[in-house]
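Peer 1:
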Amino acid sequence: MSASSTKNDFDENIASIDFIPSDPNATFYFLPNGIGKDRRTIFTNAIQQFHLQLLTSPKNARFIIVDEQFDAPKVYSVLKLDASENDEKPKPIIIQTKWLSDSLKEKHLVPLTKDYIIRAPLIRKKAMPSFSQEPVIEEKTRFQNKPKRRLSDDQPQGGSATQVKQRRYSSDDDDDDYDIMEDYNDTVKNPYKHGELPKGNWMCSMSSQTAKKNTEVNKDIIEKLQAMADLYSKTNDKWRAYSYQKAITTIRRCTKRIDSYEEIIKLPGIGESLAKKIWEIIDTGSFEKLEDFQSSEYMTVINLFGNIWGCGPNIAKQWYDQGFRTLDDLRTKAKLSHNQQIGLKYYDEFLERMPRDEVAEIEAVVKEHALALVPDLTIQTCGSYRRGKATCGDVDILITHSDGISHQGLLIPLVDSLRKSGMLLKFI
DNA sequence: GGGCCGTACTG
DNA sequence: CAGTACG
DNA sequence: GCCC
């Protein structure tokens, strides 16, 4: 679909929009979304080169330059601009990056013809597709409810080709949480028996029973490595974190207390560097690099910010670079996305874990509500609860129906029902 | 050197 | 698309 | 970080 065939519902009589770059009203905003790094710098350079007035905020821009993949509703939605018709404020003119590309080719600004314009405010008549901003939400507490459907009998069973290679290495939640989905693999599709698992790629072929005993043996090592992995992943050094995580998993499977360097270096996924560190832990009981890390201001702050739901390594770093150091700094000064606002508001709550009894209570309530909506549902609480953890960070509830159909579309009514009962504080 | 789990949502 | 969540 |  060429540019010219995209719908432009503005005055067909206008051949092009004229403006003078120096006109104080000719302000531009460049929406980088959907544009790769290289193209992005090319465009921002072009904007400079042509002396266009680039604003950092879209709010007051007369022109908004966006990638071709965008249509007006998307732009409004992404930028959170007011789309309502009866608004004294003039609507921006949304134009394609192609205008910049062509201008670069020509070495000067080419006329801003309608072919470049995704939507001009001028004459538009047709009702805007109502992209009302905020649908959802609000009213009550934590516990992430995520009924999922899956595993119903419409699961493609046969496929021999796709054996499941499930792994996990989540660092955040359960500190001693490993085995994953083994039941799922066993019951549903794992074509192998435990004894004959293909070597190497399986990180999770161990029963929780066995594993539990093992955690104690090398506990100190695992804890320190885990702490390091957590820090690395919050630093954006995810591959290093990944390696630590793999090493941790490997060590978990060791039934024996590790007590020699030779022993360590032989373990798969553990190389020289990690082996030395592990040996340091065994030998001296401490891990210097970890302690240095933990005590540095940077890591402390990044760690603090990184625990905010909706804030990952990059945002945390940005905030740090902006000089923020405390949660209060963020609350008062930082730009927070919707999710981050929630994450910050419930900082402690999100970090907290609940005793499994509480999960049982929640499960009971959800069951009650779900069954009231559709009888004969199969409802199973999974996750850490099902694995027998003493405490849980969330509640995972799997809801299906043996007919593979009846559970469909249940989620919204269920959430609604729970909300009415006062059980749900917030629906994210 | 360059890959390293897969998928979905948000903005 | 980049960043994030999550099992 | 590890490994190919």
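Residue numbering for the first sequence follows the working numbering, beginning at 1179 and increasing consecutively. Just so you know, even glycine gets a beta-carbon here, dropped at the ideal spot from N, CA and C.
For the beta strand (DSSP E) containing Tyr1207, name the first residue and the last one.
Peer 2: By 1-based counting over the first sequence, the position of residue 1207 is 29. First-last of the beta strand (DSSP E) with Tyr1207: Thr1205 to Phe1208.
Peer 1: When you compare only the Cα positions, how much space is there between Cys1432 and Asp1398?
Peer 2: To locate residue 1432, count along the first sequence from 1; it is residue 254. To locate residue 1398, count along the first sequence from 1; it is residue 220. Distance between the alpha carbons of Cys1432 and Asp1398: 13 Å.
Peer 1: In chain order, what residues of the same chain lie with their CB nearer than 6 Å to the CB of Thr1278, ignoring the 5 residues before and after it?
Peer 2: Counting from 1 along the first sequence, the entry for residue 1278 is found at position 100. It should be noted that the sequence gives Leu, not Thr, for residue 1278. The answer, listed in chain order, is Phe1221 and Ala1224.
Peer 1: In chain order, what residues of the same chain have a beta carbon less than 7 Å from the beta carbon of Asn1492, not counting five sequence neighbours either side?
Peer 2: Within the first sequence, the letter at position 314 stands for residue 1492. Correct list, in chain order: Asn1414.
Peer 1: On the criterion of 16 or more Cβ atoms from any shown chain inside 10 Å, does Lys1455 qualify as buried, or is it exposed?
Peer 2: Numbered from its first residue, the first sequence carries residue 1455 at position 277. Buried: at least 16 other Cβ atoms inside 10 Å.
Peer 1: Could you tell me the boundaries of the alpha helix (DSSP H) in which Gln1519 lies?
Peer 2: Here residue 1519 refers to the residue found at position 341 when the first sequence is read from its first residue. Residues His1516 to Lys1523.
Peer 1: If you run the structure through DSSP and keep just helix, strand and coil, what is Ile1400?
Peer 2: Residue 1400 sits at position 222 when you count from the first residue of the first sequence. In this structure, Ile1400 counts as helix in the three-state DSSP scheme.
Peer 1: Which partner residues of Thr1578 appear in the DSSP bridge assignment?
Peer 2: Taking the first sequence and counting its residues from 1, the one referred to as residue 1578 is at position 400. Paired residues: Thr1556.
Peer 1: With a threshold of 7 Å on Cβ separation, who are the neighbours of Leu1529 within its own chain once the five nearest residues in sequence on each side are excluded?
Peer 2: Here residue 1529 refers to the residue found at position 351 when the first sequence is read from its first residue. Taken in chain order, the residues that qualify are Asn1485.
Peer 1: What would DSSP say about Arg1509, mapped onto helix, strand or coil?
Peer 2: Counting from 1 along the first sequence, the entry for residue 1509 is found at position 331. In this structure, Arg1509 counts as helix in the three-state DSSP scheme.
Peer 1: If you follow the alpha helix (DSSP H) that Gln1423 is in, where does it begin and where does it stop?
Peer 2: Numbered from its first residue, the first sequence carries residue 1423 at position 245. That run of the alpha helix (DSSP H) goes Lys1416 to Arg1430.
Peer 1: Ignore the nearest five residues each way along the sequence and tell me which others in Pro1270's own chain have a CB closer than 8 Å to its CB.
Peer 2: For the purposes of this step, residue 1270 is taken as residue 92 along the first sequence, with counting starting at 1. So the qualifying residues of the chain are Tyr1207, Pro1236, Ala1239, Arg1240, Phe1241, Ile1242, Leu1259 and Pro1299.
Peer 1: So, helix, strand or coil for Thr1504, using DSSP?
Peer 2: For the purposes of this step, residue 1504 is identified with residue 326 of the first sequence, where counting begins at 1. If DSSP states are grouped into helix, strand and coil, Thr1504 belongs with coil.
Peer 1: Would you mind sorting Asp1189 into buried or exposed? The rule is 16 or more other CB atoms within 10 Å of its CB.
Peer 2: Taking the first residue of the first sequence as position 1, residue 1189 is located at position 11. Caution is warranted here: a pLDDT of 41 is assigned to Asp1189, below 50, making its placement in the model unreliable, and the coordinate value is therefore given only provisionally. Looking at its Cβ environment, which holds fewer than 16 other Cβ atoms inside 10 Å, Asp1189 is exposed.
Peer 1: Can you give me the Cβ contacts of Lys1467 inside the same chain, cut-off strictly under 6 Å, excluding the 5 residues immediately before and after it?
Peer 2: Position 289 of the first sequence holds residue 1467. Excluding sequence neighbours, Lys1467 sits near nothing in its chain.
Peer 1: Using 8 Å as the threshold, is the region 1546-1560 in touch with the region 1510-1517, meaning 3 or more CB pairs across them?
Peer 2: Judged by Cβ distances under 8 Å, the region 1546-1560 makes no contact with the region 1510-1517, as fewer than three pairs qualify.
Peer 1: Does DSSP put Val1593 in a helix, a strand or coil?
Peer 2: Here residue 1593 corresponds to residue number 415 of the first sequence, with the count starting at 1. Residue state, collapsed to three classes: helix.
Peer 1: For the alpha helix (DSSP H) that Gln1274 lies in, which residues bound it at each end?
Peer 2: Sequence index remark: in the first sequence, residue 1274 carries index 96 (1-based). Careful: Gln1274 lies outside any alpha helix (DSSP H), inside the beta strand (DSSP E) at Ile1271 to Gln1274.
Peer 1: Report the partner residues of Pro1533 according to the DSSP bridge assignment.
Peer 2: One-based indexing of the first sequence puts residue 1533 at position 355. According to DSSP, which records beta bridges pairwise, Pro1533 is partnered with Thr1569.
Peer 1: Tell me the DSSP secondary structure of Ile1295 in three-state form.
Peer 2: Translated into the one-based positions of the first sequence, residue 1295 becomes position 117. Ile1295: strand per DSSP, three-state reduction.
Peer 1: What are the start and end residues of the alpha helix (DSSP H) that includes Phe1471?
Peer 2: The count along the first sequence starts at 1 and reaches residue 1471 at position 293. Segment Glu1466 to Ser1473, the alpha helix (DSSP H) holding Phe1471.
Peer 1: Look up Val1244 in the DSSP assignment and say whether it is helix, strand or coil.
Peer 2: As a position in the first sequence, residue 1244 is number 66, starting the count at 1. In the structure shown, Val1244 sits in a strand (DSSP, three-state: E or B).
Peer 1: Please name the residue in Leu1522, Leu1592, Asp1535 and Lys1598 whose C-alpha comes closest to that of Val1552.
Peer 2: Walking along the first sequence from the start, residue 1552 turns up at place 374. For Val1552, the nearest C-alpha among the options comes from Leu1592.
Peer 1: Using beta-carbon positions only, say whether Lys1402 and Phe1465 come within less than 8 Å of one another.
Peer 2: Numbered from its first residue, the first sequence carries residue 1402 at position 224. Numbered from its first residue, the first sequence carries residue 1465 at position 287. The answer is yes: Cβ separation under 8 Å.
Peer 1: Any idea if Trp1417 is buried or exposed, counting beta-carbon neighbours within 10 angstroms, 16 or more meaning buried?
Peer 2: The count along the first sequence starts at 1 and reaches residue 1417 at position 239. By the neighbour-count rule (16 or more Cβ atoms within 10 Å), Trp1417 is not buried but exposed.
Peer 1: Restricting to Cα atoms, I'd like to know which of Glu1441, Ile1448, Arg1435 and Pro1289 is closest to Ala1419.
Peer 2: Locating residue 1419 in the first sequence gives position 241, counting from the first residue. Answer by Cα proximity: Ile1448.
Peer 1: Kindly indicate the opening and closing residues of the alpha helix (DSSP H) around Arg1564.
Peer 2: One-based indexing of the first sequence puts residue 1564 at position 386. Element bounds for Arg1564: Gly1561 to Arg1564.
Peer 1: Verify whether the separation of the beta carbon atoms of Ile1400 and Arg1435 is less than 8 Å.
Peer 2: To locate residue 1400, count along the first sequence from 1; it is residue 222. To locate residue 1435, count along the first sequence from 1; it is residue 257. No; because the gap between Cβ atoms is not below 8 Å, this pair is not in contact.
Peer 1: Please state the DSSP three-state secondary structure of Leu1282.
Peer 2: Counting from 1 along the first sequence, the entry for residue 1282 is found at position 104. Helix.
Peer 1: Are the CB atoms of His1579 and Thr1556 nearer to each other than 8 Å?
Peer 2: Taking the first sequence and counting its residues from 1, one reaches residue 1579 at position 401. Taking the first sequence and counting its residues from 1, one reaches residue 1556 at position 378. Their beta carbons are under 8 Å apart, which means His1579 touches Thr1556 by this criterion.
Peer 1: For the candidate residues Asp1526, Phe1605 and Ala1405, whose alpha-carbon lies nearest to that of Asp1470?
Peer 2: For this step, residue 1470 is matched to residue 292 along the first sequence. Residue Ala1405 is the option with its Cα nearest to Asp1470.
Peer 1: With DSSP collapsed to three states, give me the class of Gln1675.
Peer 2: Limits of the chain in this structure are 1179 at one end and 1606 at the other, which puts residue 1675 out of reach.
Peer 1: Identify the residues that DSSP records as bridge partners of Ile1493: which are they?
Peer 2: Residue 1493 sits at position 315 when you count from the first residue of the first sequence. Paired residue(s): none; Ile1493 is not in a bridge.
Peer 1: Which residues does DSSP pair with Ile1195 in a beta bridge?
Peer 2: Here residue 1195 is taken as the residue at index 17 of the first sequence, counted from 1. In DSSP, Ile1195 forms a bridge with Leu1290.
Peer 1: So, at 6 Å on beta carbons, what are the nonlocal neighbours of Thr1291 in its own chain, with the 5 sequence-adjacent residues on each side left out?
Peer 2: For the purposes of this step, residue 1291 is taken as the residue at position 113 of the first sequence. Excluding positions up to five away in sequence, the list reads Ser1194.
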